[in-house]
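Numbering (the working numbering), first residue to last: -11 to 205.
Right, here's the structure in full:
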């Protein structure tokens, strides 16, 4: 029986691709960098912000961060929209006595969850920091498990990316992959997914009948 669900944020709880593309290209226009399309952004959206920019343009300049924080961030709604059924999934899981956590490459997950209006559902939220490497390393889900004192064998990480699947596998927990963010079923399985479904709303069906999902073991 599952006792703990650990969720990614971007393209798992929130559909943030459009906002991320907009922010990326506002920065590109300011500094004369090549603009990026949905596909390039999607392929790297799970990265923390500095490695993300390095993936986009092959380098990082500190002035980008200063300009982005002061002039672009205030214009972006980085935390919306929630995927349909997000609060229903979280609320129903809580009613069933399941402990909920967030494991994200965002650097301030509690602030982001509060801005989204869903912080109240979670028992812990972990991002990268001192001594905690970002996904696909196992550090973030491992720290969440440690903070919750939960049983890894009864824990499932829900995410949309190959990074999420690889991080969960390395942490010794099962991963439920979602294809809603654009990562294919095959990519998720190849990265270590235990099961795959289409949308976040399907997590409730998974809780009712985990054997009914496409799984490879």
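Where is the CB? At the ideal position from N, CA and C, for every residue including glycine.
Check	Outcome
Given 8 angstroms, three or more beta-carbon pairs between the stretch 71 to 91 and the stretch 183 to 193	yes
Backbone CA spacing between residue 59 and residue -9 [nearest angstrom]	42 angstroms
Assumed close pair residue 122, residue 129 - CB separation to whole angstroms, cut-off 8 angstroms	The pair is not a contact, with the Cβ atoms about 11 angstroms apart (cut-off 8 angstroms).
Inside the stretch 59 to 128 only - beta strand (DSSP E) runs reaching at least 3 residues	87 to 91, 112 to 114
7 angstroms Cβ shell around residue 180 - same chain, five flanking residues per side excluded	153, 154, 156, 157, 163
Inter-residue Cα distance where the pair is residue -1 and residue 7	11 angstroms
Spatially closest choice to residue 159 from 104, 186, 91, by CA coordinates	91
N- and C-terminal bounds of the beta strand (DSSP E) containing residue 184	183 to 185
As assigned by DSSP and simplified to three states, the class of residue 162	strand
First through last residue of the beta strand (DSSP E) which encompasses residue -7	-8 to -5
Sequence-distant residues of its chain with Cβ nearer than 7 angstroms to residue 18 (five each side left out)	55
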